[in-house]
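S.K.: Quick mapping for you: the protein sequence lines, in order, are chains R and V.
Start counting the first sequence at 1161; every next residue gets the next number (our numbering).
Start counting the second sequence at 1221; every next residue gets the next number (our numbering).
Think of the CB as a built atom: it goes at the ideal place given N, C-alpha and C, for glycine as much as any other residue.
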Amino acid sequence: MTMVSSEAVGEYNRNGVLTKSIKGARRIEYFVHGGMGAWAIAVHGGAGVDPNLPKERQDEAKRLLTRCLDIGISALRSNVPAIDVVELVVRELETDPLFNSGRGSALTEKGTVEMEASIMDGPKRRCGAVSGLTTVKNPISLARLVMEKSPHSYLTTPGAEEFAKKQGVEMVDNDYFITEDNVGMLKLAKEANSILFDYRIPTVGTCGAAVDSHLQMNGLPISVYAPETVGCVVVDKEGRCAAGTSTGGLMNKMSGRIGDSPIIGAGTYACELCGVSCTGEGEAIIRSTLARDVAAVMEYKGLNLHEAVDYVIKNRLDEGKAGLIAVSKNGEVACGFNTTGMFRGCATEGGFMEVGVW
Amino acid sequence: MGWAIALHGGAGDIPHSLPPDRRLPREVGLRHCLDVGIAALKAHKHPLDVVELVVRELENYPHFNAGKGSVLTSSGTVEMEASIMDGKSKKCGAVSGLSTVVNAVSLARLVMEKTPHIYLGFHGAEAFARDQGVETADPSYFITPENIERLKQAQDANRVQIDYTQPVQKEAKDAAATIPNGDSQIGTVGCVAVDSEGNLASATSTGGLVNKMAGRIGDTPIIGAGTYANHLCAVSATGKGEAMIRGTVARDVAAVMEFKGLSLKEAAAYVIDQVPPGNAGLVAVSSTGEIATVFNTTGMFRACASEDGYSEVAIWDSPLK
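1. Please report the residue range of the alpha helix (DSSP H) in which D1549(V) lies.
2. Less than 8 Å between the C-beta atoms of T1428(R) and I1279(R), yes or no?
3. Between the stretch 1473-1491 of chain V and chain R, which residues of the former have a C-beta closer than 7 Å to a C-beta of the latter?
4. Whose C-beta lies closer than 7 Å to the C-beta of G1379(R) among residues of the same chain, with five residues either side of it excluded?
5. Of the residues that make up the stretch 1312-1328 of chain R, which ones have a beta carbon closer than 9 Å to any beta carbon in chain V?
6. Going along the chain, which residues of the stretch 1408-1440 of chain V sit with their C-beta nearer than 7 Å to a C-beta in chain R?
7. Closer than 8 Å by beta-carbon distance: list the chain V residues that pair up with R1400(R), in chain order.
8. What residues from chain V crowd round V1457(R), counting only those whose CB sits closer than 7 Å?
9. What's the call for P1365(V), buried or exposed, on a 16-neighbour Cβ count within 10 Å?
10. What's the gap between the Cα of R1436(V) and the Cα of A1444(R)?
11. Using a Cβ-Cβ cut-off of 8 Å, state whether S1316(V) counts as contacting chain R.
12. Just how far apart, CA to CA, sit F1497(R) and H1466(R)?
13. Counting along the chain, where does the alpha helix (DSSP H) carrying D1269(V) start and finish?
14. What is the DSSP secondary structure of V1542(V), counted as helix, strand or coil?
15. For E1322(R), which residues of its own chain have a beta-carbon under 7 Å away from its beta-carbon, when the five flanking residues on both sides are left out?
16. Using the beta-carbon of each residue, which ones in chain R are nearer than 8 Å to L1340(V)?
17. In three-state DSSP terms, what is S1531(V)?
18. For a contact defined as C-beta to C-beta under 9 Å, what are the partners of C1312(V) on chain R?
19. How about A1314(V) and I1338(V): do their beta carbons lie closer than 8 Å?
20. Do you know offhand how far I1338(R)'s Cα is from E1388(R)'s?
21. Kindly say whether G1232(V), judged by its beta-carbon, lies nearer than 8 Å to any beta-carbon of chain R.
22. When you compare the stretch 1269-1276 of chain R with the stretch 1203-1216 of chain R, are there three or more beta-carbon pairs, one atom per stretch, that lie closer than 8 Å?
23. Just verifying my parser: in three-state terms, what is the DSSP assignment at V1517(R)?
24. For S1301(R) and G1391(R), what's the separation of their Cα atoms in angstroms?
25. From K1297(R) to K1311(V), what does the alpha carbon distance come to, in whole angstroms?
26. Determine the chain V residues that contact K1461(R) at a beta-carbon separation under 7 Å, and present them in chain order.
27. Where does the unbroken alpha helix (DSSP H) through G1461(V) begin, and where does it stop?
28. Are the beta-carbon atoms belonging to S1417(R) and G1409(R) less than 8 Å from one another?
29. Helix, strand or coil for V1343(R)? Go by DSSP, reduced to three states.
30. 8 Å is my cut-off, CB to CB: does I1201(R) come that close to chain V?
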């Protein structure tokens, strides 16, 4: 049996649809199945969706999330370990140009792609992270190799790419990652002289109905924040949790800027209790150590997964905007966000499956 | 209540037989930096300014592994990293991969205050340093003869070497230990401070590991791992970077205070106990002026003082025992 409950500031129904999207909405969803020994999976494609996002693009995103869930589900049914499922699903998200990771990554101010990713395996809390990648086709797999084949936890360019060559991972020209859409977005961002959130119309435009132009990042005014980072969290039948997150970062970002995605404890965290992947305003996620805090309130306060997600979204983000997905070792799955939307999907062994945006 | 300050110059397998020529300069440096911090707190400087000031002094002092005196990568270069965090606002800044910036901690502060970001690395961080006009120097400024020798020894032994440790092979007990290295960092510096109004701040700075792979990032610039501060406490941690990252050591001290209601000393001891022995040390102060200095290594270069007149410079004798 699957129990579903959800909570949001705004109007919504119990089937996971926010019927009226309002600015500053906070939404927590929680799905439980069966308890110990059940697998569960969640994926995301970023929090902070433009309320005016065209329906075709929403549908396209939902199709991709569904496909990724299906890939994860069939791997879980074949008893593939959680860490492998996370890598497999994030690779798929990176390879598809739709979201902001791998191919389709946002562009730096120089018009290049600089990707980052991290992965963490709950049972031994092993982790790997990479930053500043320009030629590695699947950053999540390099993060996995850093975890398993290097004495370190975190490598960045140029060391990371040398390591990639030694490991023989697939490498491509930087052009491979650059899509026409993103070239256009960068041009808009430069015209607006801002760091651009993927689907947000620059605030100098006229159609930014629900776009908040007074956002602050790290204390400074900025009109935009983090785009469609991707992530996946999985608990397998053995109760092993894992999490992975991958991103191209901010549109028009300063070269060398590192966000929350490669930071263990911020964008990604997994331990014996749960696996968490976060997305949104990177600076708010870093200073709130958001992913670790979901696990920390479970570990130190004794909260369950739902309560933990609710707690961190309510209490840890201050003014920041972000979302997260999480699974517990008991086969529970939860997602929460305080943005207008988050591209997300989740499924449990009990047959529950949901893909949503608002 | 009252101000308090603690600083460290790294934790690790520091042999009790450490020769005086390597022990004394560090003790002198710790004492000097402690005095600088005490004077600043007495002059009512904000803890954020105090930790930056003290870490700058530690960076400028060639006997620690940060700024001048940073250890060398496998390519013989320096790649420095640092972070800083203010407790009340939880504002923070971090930098990695610096090769010319004299005071990495001050660039971290500028990232915090002058950019919309928290963390800049490598070319981007160096370009930002040029924009901000911070003091830079040639590699020769940072590279000391001692560190050229350390790198040579490490390369001869074909391993990543810990500063003060004899090059011994790690025993291959589990899968993780079969990776050929001794992935520790010793000589990292850090400072935490609280003023009489309960304002807290933390900063950490390092050159990383001897013979490290270029591009390796440790725990020092990671908010929540090497550095953390909130309204309850400020923490600067040091040790084997990879263990600190997966243990989110600095954040966890604050988290167990916040979520379990432990005191600073209890929280610090609890968190250090969770990290495998021989891996970690930290200094911390609470908003009420408590100090904790704990480590599960042989020793930690450290110094601390509080408004009531307590003051200490020490290397061994874990307060955990």
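M.R.: Reading off the structure:
1. Here chain V covers residues 1221 to 1541 and nothing more, so residue 1549(V) does not appear.
2. yes
3. A1475, V1476, F1479, K1480
4. No answer about G1379(R) holds up, because its pLDDT of 37 lies below 50 and its placement is not dependable.
5. H1312, S1313, Y1314, L1315, T1316, T1317, P1318, G1319, A1320, E1321, E1322, F1323
6. M1433, A1434, G1435, R1436, I1437
7. The premise fails here: R1400(R) is roughly 16 Å from chain V at the closest Cβ pair, so nothing lies under 8 Å.
8. F1479
9. exposed
10. 24 Å
11. yes
12. 13 Å
13. 1267-1280
14. Residue numbering for chain V in the displayed model covers 1221 to 1541; residue 1542(V) lies beyond these limits and cannot be assessed.
15. none
16. M1414, G1416, R1417, I1418
17. When DSSP states are grouped into helix, strand and coil, S1531(V) belongs to the strand group.
18. Contacts between C1312(V) and chain R, judged by CB atoms closer than 9 Å, involve N1378, E1443, I1446, R1447 in chain order.
19. Going by C-beta atoms, A1314(V) is nearer than 8 Å to I1338(V).
20. 15 Å
21. no
22. The stretch 1269-1276 of chain R vs the stretch 1203-1216 of chain R: no contact.
23. coil
24. 13 Å
25. So the alpha carbons of these two residues sit roughly 34 Å apart.
26. F1479
27. 1461-1466
28. According to the sequence shown, residue 1417(R) is Arg rather than Ser. In contact: R1417(R) and G1409(R) (Cβ atoms closer than 8 Å).
29. helix
30. no
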